[in-house]
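Undergrad: In my numbering, the protein residues as written are 381 to 676. Let me give you the structure first, and then I'll get to my questions.
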Ligand code: NDP
């Protein structure tokens with residue numbers, strides 16, 4: 381069998397950002413509206429700082445306003461909630477994102493609950509989870525939304541396909557399953573207690589792995605010709621033993637890519653597959669939020 385086609389998330393995300401930039405320009409020229417995204421970063425976590433910087437850069441690149449807020453790691457929760465309240469009330473802010481994880485003394489659930497669901501561009505509030513489950517318009521978590529776009533781009537209609545999502549987090553697995561259901565797939569959600577995980581995966585025309593375990597999904601877990609979406613981001617030691625001894629790492633997904641590409645019909649690489657879609661979908665959510673808040 382031929383090797384799987386590679387789903388190029390980097391190229392797709394670039395096209396999506398181009399489309400968003402055009403729509404932002406049109407909003408500005410026709411309605412005098414420039415969507416604004418507020419990003420709140422608490423503390424100095426190096427990975428979060430890099431991630432926030434690229435969100436802010438890409439926000440500006442598509443012509444939106446980026447509103448950054450940096451708070452010290454020991455900020456009292458009341459102060460953070462107060463900031464979110466002010467961003468909720470600010471008409472120039474269409475989307476609000478608090479970068480997680482936050483330091484341990486802060487409760488993620490309380491922070492998310494404070495965000496106005498109509499500005500919740502991460503799609504994390506209970507209201508948006510409920511809207512998604514009830515097929516109502518809302519804001520959908522960015523990564524699953526990006527996975528759905530990649531699948532629809534590769535396969536066209538997903539109607540009637542058997543989909544298996546491995547992972548049941550609120551951020552990824554559950555919304556992914558809801559989106560696939562909405563696209564008329566027959567959906568199974570698997571998790572750490574699933575019996576015969578390999579056998580369940582082997583049924584899938586569409587297999588989404590969102591686990592966080594390096595190369596857990598093996599080649600013989602995949603149905604020949606299936607579309608495989610690998611959400612995992614895992615750091616493992618470098619292949620080069622000298623570099624590995626120096627502590628150098630590389631990033632792999634939840635799928636054994638080399639084995640899987642011999643069996644699958646389509647597959648996302650890590651990096652360069654799902655990852656780049658997340659920020660592009662965040663920008664798209666900000667655009668959707670800005671339009672809705674202005675009755676457009
Ligand atoms: P969570 O840790 O919240 O959830 C992991 C899920 O995997 C859980 O539902 C867990 O099951 C399940 N799981 C764990 N071990 C097994 C196992 N041995 N067999 C079957 N299922 C298992 O992770 P997230 O959903 O937040 O993220 C998943 C991965 O996706 C991570 O690698 C993360 O880094 C990556 N990610 C990438 C993004 C991007 O590309 N931008 C964005 C978001 C996430 P149980 O519920 O039973 O414990």
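A virtual CB, placed ideally from N, CA and C, is assigned to each residue, including glycine. Bear in mind the structure is a predicted one, so any value in this text is a computation, not a measurement.
Out of curiosity, what's the CA-to-CA distance linking residue 504 and residue 664?
TA: Here the question's residue 504 lines up with position 124 in the chain shown. Here the question's residue 664 lines up with position 284 in the chain shown. Each residue's alpha carbon lies about 16 Å from the other.
Undergrad: Output needed for residue 565: all residues of its chain with C-beta closer than 6 Å, excluding positions within five of it in sequence on either side, in chain order.
TA: In the chain shown, residue 565 corresponds to position 185, counting from 1. Answer for residue 565: 538, 541, 543, listed in chain order.
Undergrad: Since residue 630 and residue 641 are thought to touch, with beta carbons under 8 Å apart, how far apart are those beta carbons, to the nearest angstrom?
TA: By 1-based counting over the chain shown, the position of residue 630 is 250. By 1-based counting over the chain shown, the position of residue 641 is 261. With a Cβ gap of about 17 Å, residue 630 and residue 641 do not count as contacting.
Undergrad: Residue 418 lies in the alpha helix (DSSP H); which residues open and close that run?
TA: Residue mapping note: residue 418 aligns to position 38 of the chain shown, counting from 1. Counting along the chain, residue 418 falls outside any alpha helix (DSSP H), though it belongs to the beta strand (DSSP E) covering 416-422.
Undergrad: Tell me whether residue 614 sits in a helix, a strand or coil according to DSSP, three-state version.
TA: Here residue 614 refers to the residue found at position 234 when the chain shown is read from its first residue. Reduced to three states, the DSSP call for residue 614 is strand.
Undergrad: Closer than 6 Å by C-beta to residue 522: which residues in its own chain qualify, once you throw out the five before and the five after it? Chain order, please.
TA: The residue you call residue 522 lines up with position 142 of the chain shown. The answer, listed in chain order, is 658, 661, 662.
Undergrad: So what does DSSP say about residue 413, is it helix, strand or coil?
TA: On the chain shown, position 33 is the one that residue 413 refers to. Coil.
Undergrad: Quick check: what's the CA-CA separation for residue 607 versus residue 669?
TA: On the chain shown, position 227 is the one that residue 607 refers to. On the chain shown, position 289 is the one that residue 669 refers to. Each residue's Cα considered, the two are about 31 Å apart.
Undergrad: Using a threshold of 8 Å, state whether the C-beta atoms of residue 407 and residue 446 are closer than that.
TA: In the chain shown, residue 407 corresponds to position 27, counting from 1. In the chain shown, residue 446 corresponds to position 66, counting from 1. In this structure, residue 446 does not lie closer than 8 Å to residue 407 by Cβ.
Undergrad: Just to confirm my understanding: we take residue 500, look at its own chain, exclude 5 residues before and 5 after, and list those with CB closer than 6 Å. What are they?
TA: Translated into the one-based positions of the chain shown, residue 500 becomes position 120. So the qualifying residues of the chain are 508, 519.
Undergrad: Do residue 401 and residue 443 have their CB atoms nearer than 8 Å?
TA: What you label residue 401 is simply residue 21 of the chain shown in a count that begins at 1. What you label residue 443 is simply residue 63 of the chain shown in a count that begins at 1. Yes, these two residues count as a Cβ contact at 8 Å.
Undergrad: What is the DSSP secondary structure of residue 460, counted as helix, strand or coil?
TA: Reading the chain shown from its first residue, position 80 is the one you call residue 460. Note: residue 460 maps to helix in three-state DSSP.
Undergrad: Just to check, is the beta-carbon of residue 434 closer than 7 Å to a non-hydrogen atom of the ligand NDP?
TA: Working through the chain shown from its first residue, we reach residue 434 at position 54. Outside the cutoff, so no.
Undergrad: Could you tell me if residue 610 is buried or exposed, where buried requires 16 or more neighbouring beta carbons within 10 angstroms of its beta carbon?
TA: What you label residue 610 is simply residue 230 of the chain shown in a count that begins at 1. With 16 or more other Cβ atoms within 10 Å, it is buried.
Undergrad: Are the CB atoms of residue 590 and residue 546 within a distance shorter than 8 Å?
TA: For the purposes of this step, residue 546 is taken as the residue at position 166 of the chain shown. For the purposes of this step, residue 590 is taken as the residue at position 210 of the chain shown. Contact flag set, yes.
Undergrad: Which residues count as close to the ligand NDP when the rule is a CB under 5 Å from any of its heavy atoms, in chain order?
TA: Listed along the chain, these residues meet the criterion: 523, 547, 548, 549, 551, 552, 571, 572, 590, 591, 592, 611, 612, 613, 654, 655, 658.
Undergrad: Can you list the beta strand (DSSP E) stretches of 3 or more residues lying completely in the stretch 608-663, in chain order?
TA: Fully enclosed beta strand (DSSP E) runs of 3 or longer: 614-617, 629-632.
Undergrad: Where do the N-terminal and C-terminal ends of the beta strand (DSSP E) with residue 446 fall, by residue?
TA: Sequence index remark: in the chain shown, residue 446 carries index 66 (1-based). Per DSSP, residue 446 belongs to the beta strand (DSSP E) from 445-451.
Undergrad: Around the Cβ of residue 595, are there at least 16 other Cβ atoms within 10 angstroms (buried) or fewer (exposed)?
TA: As a first step, residue 595 is located in the chain shown; it is residue number 215 there, counting from the start. The residue in question, residue 595, is buried, as its Cβ has 16 or more Cβ neighbours within 10 Å.
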